[in-house]
Amino acid sequence: MTAPVMIMAGGTGGHIFPALAVAESLQRRDVPVIWLGSRGGMETRLVPAKGIPLVELTISGLRGNGIKRLAVAPFKLVLALSQAIKAQLKYKPQAVLGLGGFASGPGGLAAWILRTPLYVHEQNSIPGLTNKLLARLSRCVMQAFPQSFDAARFTPITVGNPVRKEFLSLADPVERLSSRKGSIRILIVGGSLGALKLNQVVPETLAGLDAELEIWHQTGKQHLQNTKESYEQLNQTARVAAFIEDMSKAYGWADLVIGRAGALTVSELAQVGVASILIPYPHAVDDHQTANANNLVSRDAARMLADSELSVDALSKIVAPLVADRQKLIAMAIAATSLRRSDAADVVAKICLGELDPAQLRQEAQS
Numbered sequence: 000m001t002a003p004v005m006i007m008a009g010g011t012g013g014h015i016f017p018a019l020a021v022a023e024s025l026q027r028r029d030v031p032v033i034w035l036g037s038r039g040g041m042e043t044r045l046v047p048a049k050g051i052p053l054v055e056l057t058i059s060g061l062r063g064n065g066i067k068r069l070a071v072a073p074f075k076l077v078l079a080l081s082q083a084i085k086a087q088l089k090y091k092p093q094a095v096l097g098l099g100g101f102a103s104g105p106g107g108l109a110a111w112i113l114r115t116p117l118y119v120h121e122q123n124s125i126p127g128l129t130n131k132l133l134a135r136l137s138r139c140v141m142q143a144f145p146q147s148f149d150a151a152r153f154t155p156i157t158v159g160n161p162v163r164k165e166f167l168s169l170a171d172p173v174e175r176l177s178s179r180k181g182s183i184r185i186l187i188v189g190g191s192l193g194a195l196k197l198n199q200v201v202p203e204t205l206a207g208l209d210a211e212l213e214i215w216h217q218t219g220k221q222h223l224q225n226t227k228e229s230y231e232q233l234n235q236t237a238r239v240a241a242f243i244e245d246m247s248k249a250y251g252w253a254d255l256v257i258g259r260a261g262a263l264t265v266s267e268l269a270q271v272g273v274a275s276i277l278i279p280y281p282h283a284v285d286d287h288q289t290a291n292a293n294n295l296v297s298r299d300a301a302r303m304l305a306d307s308e309l310s311v312d313a314l315s316k317i318v319a320p321l322v323a324d325r326q327k328l329i330a331m332a333i334a335a336t337s338l339r340r341s342d343a344a345d346v347v348a349k350i351c352l353g354e355l356d357p358a359q360l361r362q363e364a365q366s
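Heads up: the sequence shown begins at 0 in numbering that gives the first Met the number 0, then just goes up one per residue.
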């Protein structure tokens, strides 16, 4: 029987969904997948639903959690490390892949102790703490965006962010957008939990525009009713939902997206090819969402507005000229695709299986 690959990812969709894309690629090659996650994390709901065995570690975050939690952290790390070693001895993976999240730290250290090949993939433009540490121990460091890791120190390979297979089947922006007429379709997303400030500012902004619009607004469960009422009070028609199940369909529908700048969002915008206005989450660790957004902004595929500057007036000044110029939106959508890497999941899987030589990939990238 083929030895499994152990995937370590959890905490947020930004870690979990790219990891699921890699898992799908491995399974298509008849390679079993074992998942290492944290107890109570989002992965405990999403991963078993895909039929993937999940091992849960007793571990939580270490940054910014107060003196008391930091004091007990070493004991929790030892416990989680012992659990990770036990899991790897049981399943005997041929490779261990870390994509971030609480379980990746002890899981990666366990792989190093057991001399199991360790691989790291970083989704954000600025690496998280766990991946920074594991990069020193790994056989190969992969990154979604150029310049995430110090090239001289880690010799990383830029492979893009793995995206779910449903995003790969959408038509290119020229084919999808060129024949559209009439209303400009605006999609507002703030992540699965929504973004309070976006939900407060966007309805008034869009209602004040002299433009024919179709609006699809994902609010998060907590803000659904208030956002619905805002649109109603402004006499602005909008489709308002707490959560959008099929994001590929939503991105394919949109002419313009307004949202945060998580790594997954940026990569999905690039894969689909759609213009965007990005408002980075201001409390993201190391302000990595601003760095993520700049990958699209620098290509003239997006506009960026700091959360501290977000207001009806400031957002209107950005949105108004875009909704008045469909050709500009199409040009931005085309520009976004210059960042996409449709083969990212397969490349990550092949590197972990030894089917692709990292050194050769580095040489090809430099030539």
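Glycine included, each C-beta is placed from N, C-alpha and C at the ideal position.
It should be emphasised that the depicted structure is a prediction, and the values quoted were computed from it without experimental measurement.
Its chain contains 183, 184, 185, 186, 273, 274, 275, 276, 318, 321, 322 and 328 as the residues whose beta carbon lies nearer than 8 Å to that of residue 255, once the 5 sequence neighbours on both sides are disregarded; these appear in chain order. Inclusion of residue 212 and residue 278 in the CB contact set at 8 Å is not warranted, their separation being larger than that value.
In this structure, residue 298 sits away from residue 332, with a CB-CB distance that is not shorter than 8 Å.
Three or more beta-carbon pairs separated by less than 8 Å link the stretch 11-20 to the stretch 93-106, which places the two stretches in contact.
Around the Cβ of residue 225, a 10 Å sphere holds fewer than 16 other Cβ atoms; the residue is exposed.
Secondary structure note for residue 37: its beta strand (DSSP E) is the uninterrupted segment 32-37. Separation of residue 175 and residue 239 (C-alpha to C-alpha, rounded to the nearest whole angstrom) is 24 Å. The Cβ-Cβ distance between residue 30 and residue 52 does not fall below 8 Å.
Taken through DSSP and simplified to helix, strand or coil, residue 118 comes out as strand.
In the structure shown, residue 355 adopts coil according to DSSP, grouped into three states.
A direct Cα-Cα distance of roughly 39 Å separates residue 207 from residue 126. Following the DSSP letters along the chain, one finds residue 224 inside the alpha helix (DSSP H) bounded by residues 223-232. Distance between residue 181 and residue 137, taken at the CA atoms: about 52 Å. Cβ atoms of residue 156 and residue 361 come within 8 Å of each other, at about 6 Å. In the displayed model, residue 95 falls within a strand according to three-state DSSP.
Annotation: the continuous beta strand (DSSP E) that includes residue 4 extends over 4-7. Within 10 angstroms of the beta-carbon of residue 242 lie fewer than 16 other beta-carbons, which makes it exposed. Around the beta carbon of residue 37, 16 or more other beta carbons lie within 10 angstroms, which makes this residue buried. Distance from the Cα of residue 86 is smallest, within the candidate group 115, 294 and 54, for 54. DSSP places residue 188 in the strand class (E or B) of the three-state scheme. Cβ neighbours of residue 344 within its own chain (closer than 6 Å, five residues either side excluded): 20, 21, 24 and 161. Its Cα nearest to that of residue 73, the residue 105 stands out among 46, 95, 105 and 44. Residue 195 has its alpha-carbon roughly 11 Å from the corresponding atom of residue 306.
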